[in-house]
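Peer 1: These protein sequence lines are chains A and B, in that order. The first sequence begins at 47 in the working numbering and counts up by one. The second sequence begins at 1498 in the working numbering and counts up by one.
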Amino acid sequence: MSFITMTRKHKQRLTVVLLLVVGIGTAVALALSAFQENMLFFFNPSEVVAGEVPTDRTIRVGGLVTNGSVKRANDSLLVEFSVTDTKNSVPVKYEGILPDLFREGQGIIAIGRLEADGSFKAQEVLAKHDETYMPPEVADSLKAAQAENAQIKMPESHRAN
Amino acid sequence: MIPELGHFALVLALALAVIQTVFPMLGTFRHVQNWVAVARPAAYGQLFFLSVAYACLTYSFIVSDFSVLYVAQNSNTELPLIYRIVSVWGGHEGSLLLWALTLGMWTVAVALFSHNLPREMAARVISVMGFVSVGFLLFLVITSNPFNRLSSAPANGRDLNPLLQDPGLIMHPPMLYMGYVGFSVVFAFAVTALISGRLDSAWARWSRPWTLIAWVFLTLGITLGSWWAYYELGWGGWWFWDPVENASFMPWLIGTALLHSLAVTEKRNTFKAWTVLLAILAFSLSLLGTFLVRSGVLTSVHAFASDPSRGLFILAFLGVVVGLSLALYAWRAPSIVNSGGFSMVSRESLLLLNNILLVVACASVLLGTLYPLFLDAFNLGKISVGPPYFDNVFMFLMLPLLVLLGVGPLARWKQDNAKQLVWHLRFLLIASFGLGLLVPFFFMGMKGLSVFPGLALAFWITFTSVQSVRERLRHKTNRWQALSTIPRSFYGMTLAHIGVAVFVIGVTVSTAFSTEQDVRLEPHVELDLAGYHFIFEGVESVPGPNYTANRGTITVQQNGELVTVLHPEKRTYLVQTMPMTEADIDVTLFRDIYISLGEPLGGDSGAWSVRIYHKPFIRWIWLGALLMAIGGVLSALDMRYRKLARARQPVTEADSVTATA
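#1: Within the continuous alpha helix (DSSP H) that includes A:S58, where are the two ends?
#2: Which chain A residues sit within Cβ distance under 9 Å of B:V1882?
#3: Tell me which residues share the same chain as B:L1896 and place their Cβ nearer than 8 Å to its Cβ, disregarding the 5 neighbours each side in the sequence.
#4: Please identify the residue among B:I2118, B:L1785, B:F1714, B:E1763 whose C-alpha is closest to the C-alpha of B:N1743.
#5: Note down, in chain order, all residues in the segment 1633 to 1664 of chain B with a beta-carbon under 8 Å from any beta-carbon belonging to chain A.
#6: Distance, Cα to Cα, B:L1815 vs B:S1781?
#7: Tell whether a beta-carbon distance below 7 Å holds between B:L1847 and B:L1901.
#8: Contact check, B:G2129 vs B:A1993 under 8 Å by CB: the rounded distance?
#9: Would the beta-carbon of B:L1691 fall within 7 Å of that of B:L1825?
#10: Tell me which same chain residues have a C-beta within less than 8 Å of the C-beta of B:L1823, skipping the five on either side of it?
#11: Spell out whether any CB of chain B is found under 7 Å from the CB atom of A:G151.
#12: Fully enclosed by the segment 2085 to 2128 of chain B, which alpha helix (DSSP H) runs are 4 residues long or longer?
#13: How about B:G1601 and B:Q1543: are their beta carbons less than 7 Å apart?
#14: Anyone know if the C-beta pair for B:P1937 and B:G1945 falls short of 7 Å?
#15: Is B:W1707 near B:S1723, with beta carbons less than 7 Å apart?
#16: If you measure from the beta carbon of B:F1737 to each beta carbon in chain A, is any gap under 7 Å?
#17: Using beta carbons (cut-off 7 Å, strictly below), is B:L1721 in contact with chain A?
#18: Can you give me, in chain order, the residues of the segment 2060 to 2077 of chain B that have a beta carbon less than 9 Å from any beta carbon in chain A?
#19: Give me, in chain order, the residues of the same chain whose beta-carbon lies closer than 8 Å to that of A:E177; leave out the 5 immediate sequence neighbours on both sides.
#20: Report the rounded CA-to-CA distance for B:V1819 versus B:P1500, giving the unit in angstroms.
#21: Taking contact to mean 3 or more Cβ pairs, one atom from each stretch, closer than 8 Å, check whether the segment 1549 to 1568 of chain B and the segment 1522 to 1540 of chain B are in contact.
#22: Since I believe B:P2113 is in contact with B:S2007 (beta carbons under 8 Å), could you give me their beta-carbon distance rounded to a whole number of angstroms?
#23: According to DSSP, is B:V2022 helix, strand or coil?
#24: Rounding to the nearest angstrom, what Cα-Cα distance links B:K1764 and B:V1856 in this structure?
#25: Using a Cβ cut-off of 7 Å (strictly closer), state whether A:L188 contacts chain B.
#26: Distance, Cα to Cα, B:N1889 vs A:A73?
#27: Measure the Cβ-Cβ separation of B:L1854 and B:L1898 and say whether it is below 7 Å.
#28: Determine contact between the segment 2052 to 2072 of chain B and the segment 1652 to 1661 of chain B, defined as no fewer than three beta-carbon pairs at a distance below 8 Å.
#29: Would you please verify whether the beta carbon of A:D131 is less than 7 Å from any beta carbon of chain B?
#30: Is B:W1749 closer than 7 Å to B:L1715 when the C-beta atoms are compared?
#31: List the residues that DSSP assigns as beta-bridge partners of B:S2011.
#32: Return the residue from the list B:S1986, B:A1687, B:Y1674 that minimises the CA-CA distance to B:I1623.
#33: Taking C-beta pairs closer than 8 Å, name the residues in chain B that A:Q169 reaches, listed in chain order.
#34: So, with DSSP's three-state summary, where would you put B:V1882?
#35: In whole angstroms, what separates the C-alpha of B:L1872 from that of B:T1866?
What follows is the structure in structure tokens.
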């Protein structure tokens, strides 16, 4: 059927179908761009130290809180600590209330941005609600680091306390 | 002895589930009446043995039988009795048992209330539900037996996770499961209709009350979960777009689309294939939700230590159920004929838009939830998707949905005139716009205008809902009397829609005007926030039944008068030595004052980090959801579903006589 012979009803239908396609298309385009913008990539401390990490977007960094690294400010809620995968560690700054299960030696994930000086400024710190639970990302990166450590035969032990 | 009895009962329930699946279905094809008649007794028997198994596990918890592994992992002699009883569903194995028990209950409910159905159809529905049950019971018996014994019993158990020691645990999981599993009924109806090729408005009428009730339970379950997370996790948020929350939200979105599509199928005998597809999707997403939560593939607040190998079984089962039902759909759907045509502007087309928007919303949640899992599974990197993604997408999709929500109930079936419709609604449109601007401006000044879109929509939905009731009363001489002639389902719909308006007000106002502050407080320090005056009196140590608590005292004043004294706690549970934040909240209809303790900041000063929130209208979020649920109950109680039952009564009695003979 050619366009000219289309009845009024057909034209109406075509308009509606086109509107629907455009509408759904816009929805999908917007959703995908929102998706792109809000993807949070995970990096382990070794990757951060190696400089593989973008400084212009929010990322997640996870690892164990290094023993003895937690320092609190006297007059504010500023906390500084470092996260490690037992091979490399990254200094983290955070201002706010830490989760219940945040403690030294515990696996955590920090969400924030990498500063120019190589420290990580966290907007949010996550620790899980079960003592035996380790975020899978952190568990994997620990395993990777330990495998590498074992290859170069470092003398210290790398038990995650 | 008791655990073995429970295990035995579980195996018997499995055997009955197999019988319930095989014989009724085969019987309907081979026309063996005795086989068809097996359906109901098998369902009753299965529920009986599931209840026995469940009772045995509960008993093991009550008497603290730590020779049972599951009890040893999730309970402790110090645990208060009520939590020992609900600990049954505090872990993986027990949750699945509750799932299976819930399915048994839904099946028996169908068996009891399906005497108005053609006998073969009822038998097939029960058979399909039996098939689902077989899957879950196999899973329980093979991979997650809750009755496994330890060779040597520990002196005491590892205790229930302190996070779960809360009234929220008593209500949230059973409600959610009732909702999840409830969608198995409409799923079974859909599969039966596809098998028998009988897809008419009677089918929609039978499925509708079941779908409504499942949807009500799911709504309540999600609402309870949101409320629980709000006060228990100590962050003061009511929704986190956490993957597990998403897992329960996806079936809800599709379930909501299904309710509306069923209405069209029942009233207008169209949208049939689409409705069946939604029914299959709703239950598939419930299964997917169970898989996501129970397989341990997710990083989330719900992801307690769990065993990923089990995920494979549920994934395979999910594949079988979804695969088979979609294959059946692909085979049968082309033969479905829709009889009722409709024009571009009509209630049907508006409901179609509703469905499209809800399904697209669900798809976007699915994308945000599953995409990170796919990347991880194929070693392409570890990502997570931030809440702003979901917020933006939802804002964009829900705005048109809410506008249409106002028009839908006022549009005519089959054909309406767009110009007339808009003209007819002009005053309501202007009033919603005006009040949406004036009300926030009056209370908050210029900065109040940021809530204009939300408030205008809420007014719009409320006004049009009231208008739709008024239109029903037009031309009636005695309007008060006429009120009682309006069917309950109509009141149910109106109430649920007003619930949406209340929910929208809660979300908009609490998001726009919440004040949140994390502060370092030393004793006797004073602070002003959101028009209230807070005095931190300090923290003292108090013992609890199975924990010790640091208990803060904060006096809240307004204009020099005492408002309330709040006592947030930081508890340390003795068995798992795990710290827990217990926020204290002062609640009124129009605002919450929410205080939780962070941690001691060291030194002799007695300083603590303290989180203080002022959240206006946050209760309206849950209140709105509650209204939606009440609306759902009202609709399910509509007289026409019962009239249908009564009208068919004599036939079935004659039928059942021949069946037993």
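Just so it is clear, CB atoms sit at the ideal spot from N, CA and C, and this is done for glycine as well. Note that this is a predicted model, so its numbers are computed, not measured.
Peer 2: The relevant details are as follows:
#1: Within the first sequence, numbered from 1, the residue matching residue 58 of chain A stands at position 12. In the sequence as presented, Ser is not what sits at residue 58 of chain A; that position holds Gln. 54 to 83 is the extent of the alpha helix (DSSP H) around A:Q58.
#2: Position 385 of the second sequence, counting from 1, holds the residue named residue 1882 of chain B. Within 9 Å of the CB of B:V1882, the CB atoms of chain A belong to F81, N84, M85, L86, in sequence order along the chain.
#3: Sequence index remark: in the second sequence, residue 1896 of chain B carries index 399 (1-based). Closer than 8 Å at the Cβ level, and outside the excluded window around B:L1896, lie P1950, L1954.
#4: Within the second sequence, the letter at position 246 stands for residue 1743 of chain B. Nearest C-alpha to B:N1743: B:L1785.
#5: Within the segment 1633 to 1664 of chain B, the residues whose Cβ lies closer than 8 Å to any Cβ of chain A are, in chain order, N1658, L1660.
#6: Along the second sequence, read from residue 1 onward, the residue named residue 1815 of chain B stands at position 318. Along the second sequence, read from residue 1 onward, the residue named residue 1781 of chain B stands at position 284. C-alpha separation (whole angstroms): 7 Å.
#7: As a first step, residue 1847 of chain B is located in the second sequence; it is residue number 350 there, counting from the start. As a first step, residue 1901 of chain B is located in the second sequence; it is residue number 404 there, counting from the start. Cβ atoms of B:L1847 and B:L1901: closer than 7 Å.
#8: Numbered from its first residue, the second sequence carries residue 2129 of chain B at position 632. Numbered from its first residue, the second sequence carries residue 1993 of chain B at position 496. Contact holds; Cβ gap of about 6 Å.
#9: In the second sequence, the residue the question calls residue 1691 of chain B occupies position 194. In the second sequence, the residue the question calls residue 1825 of chain B occupies position 328. Yes, these two residues count as a Cβ contact at 7 Å.
#10: The sequence position of residue 1823 of chain B within the second sequence is 326, counting from 1. Result list for B:L1823: I1777, in chain order.
#11: The residue you call residue 151 of chain A lines up with position 105 of the first sequence. No - not a single Cβ of chain B is within 7 Å of the one on A:G151.
#12: Whole alpha helix (DSSP H) segments, 4+ residues: zero.
#13: Position 104 of the second sequence, counting from 1, holds the residue named residue 1601 of chain B. Position 46 of the second sequence, counting from 1, holds the residue named residue 1543 of chain B. Taking 7 Å as the Cβ cut-off, B:G1601 and B:Q1543 qualify as a contacting pair.
#14: Numbered from 1 along the second sequence, position 440 holds the residue referred to as residue 1937 of chain B. Numbered from 1 along the second sequence, position 448 holds the residue referred to as residue 1945 of chain B. Yes, they are a contact pair.
#15: As a first step, residue 1707 of chain B is located in the second sequence; it is residue number 210 there, counting from the start. As a first step, residue 1723 of chain B is located in the second sequence; it is residue number 226 there, counting from the start. Not a contact, by the Cβ cut-off of 7 Å.
#16: Here residue 1737 of chain B refers to the residue found at position 240 of the second sequence. Closer than 7 Å: no.
#17: Counting from 1 along the second sequence, the entry for residue 1721 of chain B is found at position 224. Not one chain A Cβ lies under 7 Å of B:L1721.
#18: The segment 2060 to 2077 of chain B vs chain A, Cβ under 9 Å: K2067, Q2073, T2074, M2075, P2076, M2077.
#19: The residue given as residue 177 of chain A occupies position 131 in the first sequence. Any reading at A:E177 must be qualified, since the residue scores a pLDDT of 49, below 50, and its modelled position is unreliable; no value is offered.
#20: The residue you call residue 1819 of chain B lines up with position 322 of the second sequence. The residue you call residue 1500 of chain B lines up with position 3 of the second sequence. Computed Cα separation, rounded: 34 Å.
#21: Contact between the segment 1549 to 1568 of chain B and the segment 1522 to 1540 of chain B is absent, with fewer than three C-beta pairs closer than 8 Å.
#22: For the purposes of this step, residue 2007 of chain B is taken as the residue at position 510 of the second sequence. For the purposes of this step, residue 2113 of chain B is taken as the residue at position 616 of the second sequence. Contact flag correct, Cβ pair sits at about 6 Å.
#23: For the purposes of this step, residue 2022 of chain B is taken as the residue at position 525 of the second sequence. Correct three-state label for B:V2022: coil.
#24: Reading the second sequence from its first residue, position 267 is the one you call residue 1764 of chain B. Reading the second sequence from its first residue, position 359 is the one you call residue 1856 of chain B. Linking B:K1764 to B:V1856 through their CA atoms gives a straight-line distance of about 22 Å.
#25: Your numbering for residue 188 of chain A matches position 142 in the first sequence. With 7 Å as the cut-off, A:L188 does not count as an interface residue toward chain B.
#26: The residue given as residue 1889 of chain B occupies position 392 in the second sequence. The residue given as residue 73 of chain A occupies position 27 in the first sequence. B:N1889 and A:A73 have their C-alpha atoms roughly 11 Å apart.
#27: Sequence index remark: in the second sequence, residue 1854 of chain B carries index 357 (1-based). Sequence index remark: in the second sequence, residue 1898 of chain B carries index 401 (1-based). Inclusion of B:L1854 and B:L1898 in the CB contact set at 7 Å is warranted, their separation being smaller than that value.
#28: Yes, the segment 2052 to 2072 of chain B is in contact with the segment 1652 to 1661 of chain B.
#29: Numbered from its first residue, the first sequence carries residue 131 of chain A at position 85. By this cut-off, A:D131 is not an interface position.
#30: Within the second sequence, numbered from 1, the residue matching residue 1715 of chain B stands at position 218. Within the second sequence, numbered from 1, the residue matching residue 1749 of chain B stands at position 252. If you check the CB distance, B:L1715 and B:W1749 come in under 7 Å.
#31: Mapped onto the second sequence, residue 2011 of chain B falls at position 514. Paired residue(s): none; B:S2011 is not in a bridge.
#32: Here residue 1623 of chain B corresponds to residue number 126 of the second sequence, with the count starting at 1. Minimum Cα distance to B:I1623 is reached at B:A1687.
#33: In the first sequence, the residue the question calls residue 169 of chain A occupies position 123. Near A:Q169 there are no residues of chain B at all, since even the closest Cβ is about 10 Å away, more than 8 Å.
#34: On the second sequence, residue 1882 of chain B is found 385 positions in, with the first residue counted as 1. Strand.
#35: To locate residue 1872 of chain B, count along the second sequence from 1; it is residue 375. To locate residue 1866 of chain B, count along the second sequence from 1; it is residue 369. Spanning the alpha carbons of B:L1872 and B:T1866 requires a straight line of approximately 11 Å.
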